[in-house]
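Here is the structure we will look at.
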Amino acid sequence: MINLYFWNTPNGYKPLLLLEEAHIDYQLHPVNIGAEQQFRSEFLKISPNNKIPAITDTEISVDGRPLRLFESGAILLYLAEKSGQFLNTDASQRAETLQWLFWQVGGVGPIFGQSFHFSLSASQHIDYAVDRFVNETSRLLSVLDWRLNDREFVAGNYSIADMALYPWVVEHPSLSIKINDYANVSRWLDLISQRPTVKRAYQIGQQVRAAAAA
Ligand SMILES: N[C@@H](CCC(=O)N[C@@H](CS)C(=O)NCC(=O)O)C(=O)O
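Just so you know, we're using the working numbering here: the sequence shown kicks off at 568 and counts up by one.
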């Protein structure tokens, strides 16, 4: 069984989308990062970088303990290989999927993250920082829009590359970005948001947040 250490943030949703979609047996463990639970010693043993998401796999023993993994890209890759789903085994399609997965973890995640930070939560408003990160976010959306021009999903069928990108891109309303300028991205967002497993993952995330607030 997989234990998922989760909070309802874009990075948290990535493995939840895959666990739901692949019907993998899992148990969810909320880690309220707003309440600094990511710094608890038990969690740091699993995720020494003090960030969600993280997983353990009780079916795989490493040094006598369940396998522990942090970093959302590594988790997606591990779970896709474990389940044999959402990562094409054909060498060229697999490479393309991983290319877009790495593009997300190395580019979209950090840049969107800084855009949200400087637009919404920084203690001071810094025009330079907002412009720099929102402009780069727009450029990344143009790249995604180009990629989606002649295809439904980022690489072949719905894959871990889409699952990595969707939770970040779907947060666009918080930024001063006009998503209608990216018609292919808009279509892709609509398509993914209609998947029952995606709806379910977001319901679970909202329930986790609501339970913590109660
Ligand atoms: N590169 C990491 C980033 C994870 C990350 O930034 N997680 C955030 C939530 S989206 C977090 O746990 N922040 C808590 C903290 O920094 O203390 C990944 O892809 O898993």
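Ideal placement from N, C-alpha and C gives every residue a C-beta, glycine not left out.
Is the segment 725-745 touching the segment 682-693, taking contact as three or more C-beta pairs under 8 Å? The segment 725-745, when compared against the segment 682-693, does touch it at the 8 Å Cβ threshold.
Does the Cβ-Cβ distance between THR664 and ALA728 come in under 8 Å? In contact: THR664 and ALA728 (Cβ atoms closer than 8 Å).
Checking the sheet assignment: what are the DSSP bridge partners for SER705? Its beta-bridge partners do not exist; DSSP assigns none.
Output the distance between the C-alpha atoms of ALA647 and LEU654, rounded to the nearest integer angstrom. Rounded to the nearest angstrom, the two C-alpha atoms are 6 Å apart.
For PRO677, which beta-bridge partners are listed by DSSP? According to DSSP, PRO677 bridges with nothing at all.
With distance defined between alpha-carbon atoms, name the residue in PHE669, VAL765, ILE678 nearest to ASN702. For the residues PHE669, VAL765, ILE678, the minimum Cα distance to ASN702 belongs to ILE678.
Is LEU571 near LEU584, with beta carbons less than 8 Å apart? Result no, Cβ atoms of LEU571 and LEU584 do not sit closer than 8 Å.
8 Å Cβ cutoff met for PRO620 and ILE627: Not a contact, by the Cβ cut-off of 8 Å.
May I ask you to list the residues that DSSP assigns as paired with VAL710? According to DSSP, which records beta bridges pairwise, VAL710 is partnered with nothing at all.
With contact counted as at least three CB pairs below 8 Å, one residue from each stretch, are the segment 704-716 and the segment 762-777 in contact? No: fewer than three Cβ pairs fall under 8 Å.
Could you tell me if LEU611 is buried or exposed, where buried requires 16 or more neighbouring beta carbons within 10 angstroms of its beta carbon? Its Cβ having fewer than 16 others within 10 Å, LEU611 is exposed.
Can you tell me where the beta strand (DSSP E) holding GLU719 begins and where it ends? Boundaries for GLU719: no beta strand (DSSP E) harbours it, and the DSSP string shows neither H nor E there.
Is the Cβ-Cβ distance between GLN660 and ALA589 less than 8 Å? No. Outside cutoff.
Hey, how far is the Cα of LEU756 from the Cα of ASN616? Rounded to the nearest angstrom, the two C-alpha atoms are 30 Å apart.
Environment of VAL697 [buried if 16+ CB atoms lie within 10 Å]: Classification of VAL697: buried, given that the 10 Å Cβ count is 16 or more.
If you reduce the DSSP assignment to three classes, tell me which class ALA781 lands in. In the structure shown, ALA781 sits in coil (DSSP, three-state: anything other than H, G, I, E or B).
Once DSSP output is grouped into helix, strand and coil, what is the label at ALA589? In this structure, ALA589 counts as coil in the three-state DSSP scheme.
Identify the continuous alpha helix (DSSP H) that holds GLU603 and give its terminal residues. Boundaries cannot be given for GLU603, as no alpha helix (DSSP H) includes it and DSSP labels it neither H nor E.
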